[in-house]
Amino acid sequence: MKLIIKIVPFLVLAFFFVLMLQITIPYFAFEDGVGFLRIKKWIIHNPFWKTAFYIHVVTSCVCLFAGFTQFSGSLLKKQPTLHRTIGWTYIVTVLLLSGPSGLVMSLFANGGVLSQAAFTSLSLLWIYFTLKAFLYAKAGNFPEHRKFMIRSYALTLSAVTLRAWKFAIALTLRPHPMDVYMIVAWLGWVPNLLVAEWYLRLGWHSMKAKLRW
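Just so you know, we're using the working numbering here: the sequence shown kicks off at 679 and counts up by one.
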């Protein structure tokens, strides 16, 4: 049972990481008619927005992978220096690159005020949780550091869950595309955060740490 608990999270991460790479790689052609850019023609020629977009797309994969490793008890115990290095990479990437670029993009989100409010809230909370995780680590308060890293990573996973919700809703309900966008703007991260809080309140983070996956 313990072996399954150790392996399954890595398999899930590998699946999502490959999925994100498949979504991201086409953008390296730097063409305006690729993927998400096809519905951003009204802002695509704004260099400020476009720079933020490419920064966000590239660094999101880094955050997805780097953040996940921070919950490995084995890595923390056997390779503490590597754990800290990857942790610093995650924190710096979120605070200086992914978070700010996501905030810029949120201000121009499709779907009007509702979508913009959702993505702005997501970006600000992501930056806040990550900053708190950094400050607690710096102060040596590692239990609180871990809690805020869990909250931060729950929002990092919105890159994946947003697309999963979008696919599920579009496949089953077939609403207007812009209606889907407004719905998943919230569904992409709010349930993630609620699950993270539920997990923390039950104290399961302590139990999982003991399993040393």
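No residue lacks a Cβ here, since even glycine has one placed at the ideal position from N, Cα and C.
- Cβ atoms of residue 753 and residue 759 stay farther apart than 8 Å, at about 10 Å.
- The beta carbons of residue 783 and residue 734 sit about 6 Å from each other, so the pair counts as a contact at 8 Å.
- In its chain, beyond the 5 residues on either side, 798, 801, 802, 805 have a beta carbon closer than 8 Å to the beta carbon of residue 781.
- Distance from the Cα of residue 858 is smallest, within the candidate group 866, 847, 868, for 847.
- Excluding five sequence positions before and after residue 874, the CB atoms of its chain that fall closer than 6 Å to its own CB belong to 828, 829, 832, given in chain order.
- Here DSSP, grouped into helix, strand and coil, assigns residue 720 to coil.
- Of all alpha-carbon atoms in 764, 737, 739, 740, the one lying nearest the alpha-carbon of residue 749 is that of 764.
- Of the candidates 877, 845, 876, 878, the residue whose Cα lies closest to the Cα of residue 862 is 845.
- Taking a contact to require three or more Cβ pairs closer than 8 Å, the stretch 834 to 844 and the stretch 816 to 824 do not qualify as touching.
- The beta carbons of residue 776 and residue 737 sit closer together than 8 Å.
- With respect to residue 808, residue 785 sits apart: the two C-beta atoms are not nearer than 8 Å.
- By the Cβ neighbour-count rule, residue 852 is exposed, with fewer than 16 other Cβ atoms within 10 Å of its own.
- In this structure, the straight-line span from the alpha carbon of residue 709 to that of residue 880 is close to 47 Å.
- Residue environment: residue 766 is assigned as exposed (fewer than 16 neighbouring CB atoms within 10 Å of its CB, all protein chains considered).
- One thing to note: residue 820 has its Cβ no nearer than 8 Å to the Cβ of residue 810.
- The criterion of a C-beta distance shorter than 8 Å is not satisfied by residue 838 and residue 714.
- In the DSSP annotation of this structure, the continuous segment of the alpha helix (DSSP H) that includes residue 732 starts and ends at 725 to 747.
- Cβ atoms of residue 705 and residue 732 come within 8 Å of each other, at about 7 Å.
- DSSP places residue 857 within a helical segment (H, G or I) once states are collapsed to three.
- It is roughly 33 Å from the alpha-carbon of residue 788 to the alpha-carbon of residue 878.
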